[in-house]
Amino acid sequence: MFPLRDENPTRVTPVVTMALIGANLVVFFLIQGRGTVDEQQALVYERAAISCEVTTGFPLGADEIVSNVCRDGAQDPIFPEKNVFLALLTSMFLHGSVGHVLFNMWFLWIFGNNVEEAFGHIGYLLMYVIGGLAATAAYVGLNPDATIPLVGASGAIAVTMGAYVVLFPGHRILSLVGWFFLPVPAAIFLIFWFVAQFGLGGTNTAWEAHAAGFVFGAGITLFLRSWLLRRVAVRA
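If you're matching positions, the sequence shown starts at 7 in this note's numbering and goes up one per residue.
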């Protein structure tokens, strides 16, 4: 299933969602897209979160990159000045391909605007960032020795999707299902998406971050659900 739009209009301008989409597109097309292929790859290793670096506290060395083996403190770090913990944040604004960034931004637009209305601009931004960090931390915890850069906003976007399913389970998502356009209840669409993540093991997809982000978003929203729904109703 691929979402085309949700039947859930907002009454406020989703400025944070639009700013996040703009920031991701600018980073990918104007920063990541510059230079040669080797320079683009170097940028990813310099700015993206890497599990091995987070667990050891040290940037990767050339031998670790070549061998794909994590060691406790490389003697020849490629980027010795890299802040491996700040990379947990910057990693959320990097993407692996045009399709990757466009796909992510489409999902963020569909599900983020209503969640932003419910949480408010600041609350939504905090949930997005903190949830994205939690999703990345979950991936690192489950893959502590991985030496492949983790890129993408998917974990943070999964947070908004988890929040959406709690707040608006009955709202319809107009979706492309095979060759048909069908209005699918948000609960069915999003739970199907969540379960499908567990089938992505063995691929280059960080499904652990997706699942953790979804659970984080659903959990915090379930805790605040009554207050959030009253807040949205007052705006009506």
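For each residue, glycine too, the CB sits at the ideal point set by N, CA and C.
According to DSSP, is S103 helix, strand or coil?
coil
Assuming the contact rule is C-beta atoms closer than 8 Å, L173 and R231 should be a hit. Round their C-beta distance to whole Å, please.
7 Å
Rounded to whole angstroms, what's the CA-CA distance from F91 to N74? Just pull it up for me.
Their Cα atoms are separated by approximately 20 Å.
Report the rounded CA-to-CA distance for V240 versus N14, giving the unit in angstroms.
Bear in mind that the predicted position of V240 carries a pLDDT of just 49, short of 50, making it too unreliable to give a figure here.
Minimum length 3: unbroken beta strand (DSSP E) runs contained in the segment 147 to 221:
Counting whole runs of 3 or more residues, the segment 147 to 221 contains the beta strand (DSSP E) stretches 178 to 183 and 186 to 191.
So, for L196: in the same chain, excluding its five sequence neighbours on each side, which residues have a beta-carbon less than 7 Å away from its beta-carbon?
Correct list, in chain order: M167, Y170 and V171.
Considering only the alpha carbon of each residue, which of P150, A193, N89 and I37 lies closest to L100?
I37
Use the C-beta contact count for S57: other C-beta atoms within 10 angstroms, 16 or more gives buried, fewer gives exposed.
buried
Could I get the ranges of all uninterrupted alpha helix (DSSP H) runs contained in the segment 28 to 56, with 4 residues as the minimum, in chain order?
43 to 53
Going straight from the alpha carbon of G184 to that of F198, what length do you get?
Put simply, the backbone Cα of G184 is about 15 Å away from that of F198.
Quickly, what does DSSP pair D12 with across the bridge? List them, please.
I179
Answer yes or no: do F204 and A217 have a C-beta to C-beta separation smaller than 8 Å?
yes
Secondary structure of G137, DSSP reduced to three states:
Three-state DSSP puts G137 in a helix.
Below 8 Å, can you find three or more Cβ-Cβ pairs linking the segment 16 to 29 to the segment 121 to 128?
yes
Under the three-state DSSP convention, the category G126 falls into
coil
Contact belief for F113 with P9 at Cβ below 8 Å, rounded distance in angstroms:
7 Å
Cβ neighbour criterion (16 or more within 10 Å) applied to D69:
exposed
Rounded straight-line distance, which links the Cα of F117 to that of R178:
12 Å
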